[in-house]
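Asks: Numbering (my numbering), first residue to last: 6 to 256.
Just so it is clear, CB atoms sit at the ideal spot from N, CA and C, and this is done for glycine as well.
Since we're looking at a predicted model, the values are computed, not measured.
1. Quick check on residue 157 - is its C-beta less than 9 angstroms from some C-beta in chain B?
2. Closest to residue 122 by CA distance: which of 88, 179, 253 is it?
3. Report the rounded CA-to-CA distance for residue 87 versus residue 157, giving the unit in angstroms.
4. With a CB to CB cut of under 8 angstroms and the five nearest residues on each side skipped, what residues in its chain are close to residue 240?
5. Can you give me the Cβ contacts of residue 213 inside the same chain, cut-off strictly under 8 angstroms, excluding the 5 residues immediately before and after it?
6. Given residue 248, which residues of its chain have a CB within under 7 angstroms of its CB, disregarding the five upstream and five downstream residues?
7. Please state if the CB of residue 189 and the CB of residue 232 are separated by a distance shorter than 9 angstroms.
8. Considering only residues of the same chain and omitting the five flanking positions on each side of residue 136, which have a CB-CB separation below 6 angstroms?
9. I need the DSSP call for residue 124, collapsed to helix, strand or coil.
10. Looking at the structure shown, is residue 149 part of a helix, part of a strand, or coil, going by DSSP?
11. For residue 139, count neighbouring C-beta atoms within 10 Å of its own C-beta (all shown protein chains included) and say buried if the count is 16 or more, exposed if not.
12. For residue 212, does the three-state DSSP call read helix, strand or coil?
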C-alpha cells in the first residue's frame with residue numbers, strides 16, 4: 006500500500022477523546038478518505054488546558070490508501086460536491102410542487118412524456134439557479150459556519166466550474182421546458198434570472214428581497230400549471246398566489 010501525508014496541522018481535542026478513538030474525514034486535492042486514529046496516538050499528550058479540558062496539539066497524519074484508487078475517490082468527491090452545489094434535495098422538493106400542480110390540473114390531458122419533461126426541465130433550471138447562487142455568494146458563505154463547507158466557498162470547486170455547471174443546467178432546463186410549452190421555458194428563465202441576479206444580491210441589502218425572492222419560489226407552480234392547461238387559467242393563477250403568500254410565514 007502507498008502511504009501519503011494528507012494533512013498536517015493542529016487538532017483541538019476534548020480530554021475525553023484521548024482515551025478513545027476518533028474518525029477524521031480528510032480532503033487533499035479532491036482525495037477523500039476516512040481515517041481512524043488509535044488511542045495510542047494521544048497517549049503522549051502531557052499539557053492539558055484543564056479549565057476547558059481541551060488540548061491543542063500539532064500532528065501529522067500519514068494515511069495508507071486501502072482498497073480504493075485515487076480516481077474513484079476523485080469521482081466520488083466531484084459527484085458529492087455537485088450534489089451540494091445544486092442542493093439536490095431542496096431542488097427535488099421545489100420540483101415536486103410543480104409536478105403536483107401538473108398532476109392536479111392536467112386531468113384528462115395528462116401525459117407521461119410531459120411529466121418527464123417537466124421533471125427534468127424543472128430540476129435542471131433549479132440546479133442552475135442554486136449553482137449560480139453559490140458562485141456569487143462564495144465570499145459570504147465562507148463567513149458562516151452553516152455555509153463555509155459549500156464546494157465553492159471551501160475551495161474544492163472553482164468559481165468558473167460552478168458557473169459552467171449553472172450555464173449547462175440552465176440551457177438544458179430551458180430546452181426541455183420549451184419542448185413542453187414555450188411559456189414554461191420563458192417562466193423557467195425568469196425564475197433563474199430573478200433568483201440569481203435579483204434576489205441573491207438584494208438579499209444582503211434589503212428586506213424587500215423576501216417578496217422578490219418569493220416570486221421565483223412560486224414560479225414552479227405556475228410552470229406546472231401552464232404545462233397542464235396550456236395557459237394562465239384562474240386555477241393556475243390562484244395556485245401561484247397561494248404558493249407565493251405561503252412563503253412569507255416560512256421566511
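Replies: Reading from the atomic positions:
1. Among the protein chains of the structure shown there is no chain B, as only one such chain exists.
2. Position 117 of the chain shown, counted from the start, is the residue given in the question as residue 122. Nearest C-alpha to residue 122: 179.
3. If you number the chain shown from 1, residue 87 lands on position 82. If you number the chain shown from 1, residue 157 lands on position 152. Whole-angstrom Cα-Cα distance: 10 angstroms.
4. If you number the chain shown from 1, residue 240 lands on position 235. Closer than 8 angstroms at Cβ, skipping near neighbours: 110, 230, 234.
5. Here residue 213 corresponds to residue number 208 of the chain shown, with the count starting at 1. For residue 213, where only same-chain residues beyond five positions count, the Cβ hits under 8 angstroms are 207.
6. In the chain shown, the residue the question calls residue 248 occupies position 243. So the list reads 102, 223, 226, once near-sequence residues are dropped.
7. The count along the chain shown starts at 1 and reaches residue 232 at position 227. The count along the chain shown starts at 1 and reaches residue 189 at position 184. Against a cut-off of 9 angstroms, the Cβ pair of residue 189 and residue 232 comes out as a contact.
8. Here residue 136 is taken as the residue at index 131 of the chain shown, counted from 1. These residues qualify, in order along the chain: 90, 91, 167, 170, 171.
9. In the chain shown, counting from the first residue as 1, residue 124 sits at position 119. Here residue 124 sits in helix by DSSP.
10. Looking up residue 149 in the chain shown gives position 144. Here residue 149 sits in coil by DSSP.
11. For the purposes of this step, residue 139 is identified with residue 134 of the chain shown, where counting begins at 1. By the neighbour-count rule (16 or more Cβ atoms within 10 Å), residue 139 is buried.
12. Numbered from its first residue, the chain shown carries residue 212 at position 207. Residue state, collapsed to three classes: coil.
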